[in-house]
Amino acid sequence: MIRQAGPVAYAIFALLAVVAAAFAPLDDYMLHILVQTASYAIAVFGLTVVLGLCGQINLAQAAFFGFGAYAVGLGTADLHLDFWVALALGAAFALVMGAFLGVATLRLGGHYLAMVTISFQQIVTLIMVNWIPVTHGPDGVGSIQRPAHFASAHAFLGVCVVAVALVGYLVWRLPHTPLGRAMRALRDNELAASVVGVNVYRTKVAAFALSALLGGIGGGLFAGGFAYVSPDQFSFAESIVFMTMVLLGGVASPIGAVIGTALLIVLPESLRFLKSVPGLYLAIYGLAIILIIRYMPDGIWGYVQQRARRWFAPPPFGAPPPGLAFAPSHNGALALEVRQLAKYFGGLRAVDGVSFAVRRGGVHALIGPNGSGKTTTLNVLSGVYIATGGRIALSGRDVARLPPHQRAAAGLGRTFQNIRLFRSMSALENVVIGAERSGCNAGADHPALVERARAALAFVGLEARARERVTGFSYGHQRLIEIARALAGNPALLLLDEPAAGLNSSEKLALRDLLKRIAAKGLTILIIDHDMTLVADVAAHITVLNFGRRIADGVAADVLRQPDVIAAYLGSEPDAAARP
Amino acid sequence: MDLVLQLFFTGLGIGAVYALVALGFVLIFRATNVVNFAQGEFSMVAAYLMVVFAVDLDWPYGWAFLATLAGMALLGVVFNLGVYYPLRHRTFLPVIISTIGASIFLANTVLALYGPQPQVLPGWFETPGVQLGPVYLDSQYLLIIGVTLVLVAFNHWFFEHTLLGKKLQATSQDKEMAALLGIPVATMIMLTFVYSALLGGIAGVLVAPILFVSIQMGSTIALKAFAATIIGGFGDVTGAIIGGLALGVIETFGAAYLSVPYKDGFAFLVLVAFLIFRPQGIFGERIAEKA
Numbered sequence: 176m177i178r179q180a181g182p183v184a185y186a187i188f189a190l191l192a193v194v195a196a197a198f199a200p201l202d203d204y205m206l207h208i209l210v211q212t213a214s215y216a217i218a219v220f221g222l223t224v225v226l227g228l229c230g231q232i233n234l235a236q237a238a239f240f241g242f243g244a245y246a247v248g249l250g251t252a253d254l255h256l257d258f259w260v261a262l263a264l265g266a267a268f269a270l271v272m273g274a275f276l277g278v279a280t281l282r283l284g285g286h287y288l289a290m291v292t293i294s295f296q297q298i299v300t301l302i303m304v305n306w307i308p309v310t311h312g313p314d315g316v317g318s319i320q321r322p323a324h325f326a327s328a329h330a331f332l333g334v335c336v337v338a339v340a341l342v343g344y345l346v347w348r349l350p351h352t353p354l355g356r357a358m359r360a361l362r363d364n365e366l367a368a369s370v371v372g373v374n375v376y377r378t379k380v381a382a383f384a385l386s387a388l389l390g391g392i393g394g395g396l397f398a399g400g401f402a403y404v405s406p407d408q409f410s411f412a413e414s415i416v417f418m419t420m421v422l423l424g425g426v427a428s429p430i431g432a433v434i435g436t437a438l439l440i441v442l443p444e445s446l447r448f449l450k451s452v453p454g455l456y457l458a459i460y461g462l463a464i465i466l467i468i469r470y471m472p473d474g475i476w477g478y479v480q481q482r483a484r485r486w487f488a489p490p491p492f493g494a495p496p497p498g499l500a501f502a503p504s505h506n507g508a509l510a511l512e513v514r515q516l517a518k519y520f521g522g523l524r525a526v527d528g529v530s531f532a533v534r535r536g537g538v539h540a541l542i543g544p545n546g547s548g549k550t551t552t553l554n555v556l557s558g559v560y561i562a563t564g565g566r567i568a569l570s571g572r573d574v575a576r577l578p579p580h581q582r583a584a585a586g587l588g589r590t591f592q593n594i595r596l597f598r599s600m601s602a603l604e605n606v607v608i609g610a611e612r613s614g615c616n617a618g619a620d621h622p623a624l625v626e627r628a629r630a631a632l633a634f635v636g637l638e639a640r641a642r643e644r645v646t647g648f649s650y651g652h653q654r655l656i657e658i659a660r661a662l663a664g665n666p667a668l669l670l671l672d673e674p675a676a677g678l679n680s681s682e683k684l685a686l687r688d689l690l691k692r693i694a695a696k697g698l699t700i701l702i703i704d705h706d707m708t709l710v711a712d713v714a715a716h717i718t719v720l721n722f723g724r725r726i727a728d729g730v731a732a733d734v735l736r737q738p739d740v741i742a743a744y745l746g747s748e749p750d751a752a753a754r755p
Numbered sequence: 030m031d032l033v034l035q036l037f038f039t040g041l042g043i044g045a046v047y048a049l050v051a052l053g054f055v056l057i058f059r060a061t062n063v064v065n066f067a068q069g070e071f072s073m074v075a076a077y078l079m080v081v082f083a084v085d086l087d088w089p090y091g092w093a094f095l096a097t098l099a100g101m102a103l104l105g106v107v108f109n110l111g112v113y114y115p116l117r118h119r120t121f122l123p124v125i126i127s128t129i130g131a132s133i134f135l136a137n138t139v140l141a142l143y144g145p146q147p148q149v150l151p152g153w154f155e156t157p158g159v160q161l162g163p164v165y166l167d168s169q170y171l172l173i174i175g176v177t178l179v180l181v182a183f184n185h186w187f188f189e190h191t192l193l194g195k196k197l198q199a200t201s202q203d204k205e206m207a208a209l210l211g212i213p214v215a216t217m218i219m220l221t222f223v224y225s226a227l228l229g230g231i232a233g234v235l236v237a238p239i240l241f242v243s244i245q246m247g248s249t250i251a252l253k254a255f256a257a258t259i260i261g262g263f264g265d266v267t268g269a270i271i272g273g274l275a276l277g278v279i280e281t282f283g284a285a286y287l288s289v290p291y292k293d294g295f296a297f298l299v300l301v302a303f304l305i306f307r308p309q310g311i312f313g314e315r316i317a318e319k320a
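Line by line, the protein sequences give chains H and R. For the first sequence, the positions run 176 to 755 when my numbering is used. For the second sequence, the positions run 30 to 320 when my numbering is used.
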């Protein structure tokens, strides 16, 4: 069927490429160029993963490439290891170093990563040049061996093409796996990814380590192809070449990586006069980077794809989606119990000893004037902030110290006042990521996740537009997609942060009906909003905050009649006593 | 003990250069939320301009310096218009990549024009230095430390006590609000780039007589300066200066007592140590993203 057509076509194409590589009459020069292209392409696939999918920068790919190359070089020439053993060692070393760098820096923003990878690259070059007893220093390593059965240049090219085909396939499929979706989600919006259950830090480290691993594999093949390696082949300049390749071809797809790699290897070869002036071709690369980023941010392949997209539209869904079922756990009568919750920012007590309980089923509202600590409370509940003190029990389990993705796994879903969708993805993909949260029993296989995501979209009335990119939806619809994303995770408790903010009156009515339908299905909702009509209409229970403290709590109608609450909202009567 | 004092002085001198470049980093970061990866190339380009004016054309040192400053101001304008401004509404990643492209472009254009041979720029003073007790004070190091002190004082006065400085601060803190108050945001960002190109340029001219003037000096200085900003606390002006001085001293002692070939590696080790154990730096505060 159509789902299978892509992989089959890919396999046939790859097989043809391998046969052509092994048997086509190629002179030494062409073989040389093709081996270089293939080994570089694998390293550039690494950048497709880390930069294209995950949005993290890696300016040390030549260093990881160098690890693989030196492992094969020193392993086969000095230690007389088998080629494959040396390659595996080099790849493993690159993986470990990549993971180490990632663990050390990925908690921080992208600037740090860029600088640290440049520093790392410089250190590796320093070591390659100066640690002469091991690396042979600037002389480099010669007489590198190829694998026993693939010693001819032709046969080795065949090996390289097989490697490109295999790695390329994996990188091509990666965006559609849970790990790949997590990478794309955090690239688009880290905070939203964490509250729908993505372990942001671990995913970034995985992407970075994977990128380093591919660099190492590419480098090992490169060393086998050229029989000689030296430090200048793995300098910072080469890292820039890798970066230019992936940007030129297109960061989003391995096809782009291959296009960029091939172009930047073949073009300089055919424009050899550029190399006669030192620096000239790198100056052109630098300029090319600036121009590509400005005028062609998706690269060559991205541009082609955009043009061709309408011919490759995915097939429409056959059957209508199933109804959306919720099966929240029923441990205890309370969905949420908050006790003495506190959050201080320096001297500011934004939330100061607040306690309340949310009963299972139905809608509970948290209200209060501006600056009363509502949104801070929500952020502390969902783990965006860590509480200064107090206890948060979700279905009886204390989650106060957990990071956001583990609270999502424990059954907490939330939306944001300022919408945080994954902007490069379709509505469906956004909701699939929500459905994927661990602990949700939607089923682990992809069709089941898609069914659940479609059901969630149908529940909010947007299933017909599931395949459209979220940026094309109106503000009100984007809010509904965010709610669908939270619903798809089958949460035990749904936190809604001012869902009515910015909606027009008819959208507000639709939202009210949606909340009532969700509540009717037995899902517990904790809502923050300023729209008192909405709150009074849907909430059975209300907690009121003012100045970070709880001033009222109880059945909705009673709470809204209390003088304190009215005073907090409308100001007290002129003759009433002033606040102490 | 004498050696320790001597190394300390040398370290402060080289650290002052890192501090100046780090200051340029921080100012651009605060104005645009982007790290300018070509900041080190500003120093490199200025050093080469100085070689052209003072050595090749044999102009008087002072005039050559002024001409270099004019060239750097122009570079700041062109850099802003070509590299940053068109991408100002995009996320930080494209802007970073664009400044990296600019860094590669600048370094290799200079290489293509001037060749790989390192150049020598004489110092400003004829006298090589003075002996003060056990410590020999090289005149160029004295000059570097002196100029850095003056520039730091100027920086403080400019940002805290002039209207233009306040406008620049307002722009860096909230562009939309600054625009609503009638501050020409685009001009302010342009000025920030010019100012930061001048700071980087002065650092380059000051350090050139100590090092060889080479293509690599830009990226070397930039890495040290970036490490300095992290040690001090990212985005913090005082932190960048203290971090730069500290790094210069650490590195000089490391080269003297541990290893000369790996001198440039110490900055990286210090950087990673800070990232792991105190990522907010000495002065910085942890900043959480607002939901």
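Heads up, the beta-carbon is just placed ideally off N, CA and C, and yes, glycines get one too.
For residue i, the residue or residues it bridges with in DSSP
i: Gln-160/R; result: Tyr-165/R
i: Leu-624/H; result: According to DSSP, Leu-624/H bridges with nothing at all.
i: Asn-721/H; result: Arg-724/H
i: Ala-458/H; result: DSSP lists no partner for Ala-458/H.
i: Thr-352/H; result: In DSSP, Thr-352/H forms no bridge with anything.
Contact with chain H by residue i, beta-carbon distance below 8 Å
i: Pro-147/R; result: no
i: Leu-235/R; result: no
i: Asp-87/R; result: no
i: Ser-127/R; result: yes
i: Ala-93/R; result: no
i: Gly-44/R; result: no
i: Phe-241/R; result: no
i: Gly-264/R; result: no
Option in the options with minimal Cα separation from residue i
i: Phe-306/R; options: Gly-248/H, Leu-662/H, Ala-562/H, Thr-280/H; result: Thr-280/H
i: Phe-634/H; options: His-652/H, Pro-622/H, Asp-620/H, Thr-550/H; result: His-652/H
i: Ala-67/R; options: Ala-199/H, Ile-293/H, Ala-269/H; result: Ile-293/H
i: Trp-92/R; options: Leu-116/R, Gly-105/R, Leu-78/R; result: Leu-78/R
i: Thr-249/R; options: Ala-296/R, Ala-83/R, Gly-272/R; result: Ala-296/R
i: Ala-663/H; options: Ala-610/H, Asp-473/H, Val-452/H; result: Ala-610/H
i: Leu-235/R; options: Ile-279/R, Gly-264/R, Leu-171/R, Val-107/R; result: Leu-171/R
i: Ser-445/H; options: Tyr-204/H, Ala-330/H, Ala-695/H, Ser-327/H; result: Tyr-204/H
Neighbour flag for residue i against chain R, beta carbons, 8 Å
i: Thr-280/H; result: yes
i: Arg-469/H; result: yes
i: Gln-481/H; result: no
i: Ile-594/H; result: no
i: Gln-297/H; result: yes
Proximal residues of chain R, C-beta to C-beta of residue i below 9 Å
i: Pro-453/H; result: Asn-137, Leu-140, Ala-141, Gly-144, Pro-145
i: Gly-588/H; result: By Cβ distance, chain R contributes nothing, its closest Cβ being about 14 Å from Gly-588/H, past 9 Å.
i: Pro-472/H; result: Arg-119, Pro-123
i: Gly-565/H; result: Residues of chain R passing the Cβ test: none, with the nearest at roughly 18 Å.
i: Tyr-460/H; result: Gly-130, Ile-133, Phe-134, Asn-137
Own chain, CB closer than 7 Å to residue i, minus 5 neighbours either side, in chain order
i: Gly-536/H; result: Gly-697, Thr-699
i: Thr-200/R; result: Ala-60, Ala-207, Ile-212, Val-214, Met-217, Ile-218
i: Thr-212/H; result: Thr-436, Ala-437, Ile-440
i: Val-112/R; result: Ser-127, Thr-128, Ala-131
i: Tyr-460/H; result: Ile-415, Val-416, Thr-419
Interface residues of chain H facing residue i [CB-CB closer than 8 Å]
i: Leu-300/R; result: Met-290, Val-291, Ser-294
i: Ile-305/R; result: Ala-279
Under 8 Å from the C-beta of residue i: neighbouring residues of chain R
i: Asn-605/H; result: Going along chain R, no residue has its Cβ under 8 Å from Asn-605/H, so there is no contact; the nearest lies around 18 Å.
i: Asn-305/H; result: Pro-290, Tyr-291
Contacts of residue i in chain H (Cβ-Cβ under 9 Å)
i: Phe-312/R; result: Correct list: empty, because the minimum Cβ distance to chain H is about 16 Å.
6 Å CB neighbourhood of residue i in its chain, flanking five on each side removed
i: Ile-430/H; result: Trp-476
Residues that residue i contacts on chain B, provided the C-beta gap is smaller than 8 Å
i: Val-64/R; result: This model lacks chain B altogether; the protein chains it does include are H and R.
Within chain R, the residues that residue i reaches when beta carbons sit closer than 7 Å
i: Leu-457/H; result: Ile-133, Asn-137
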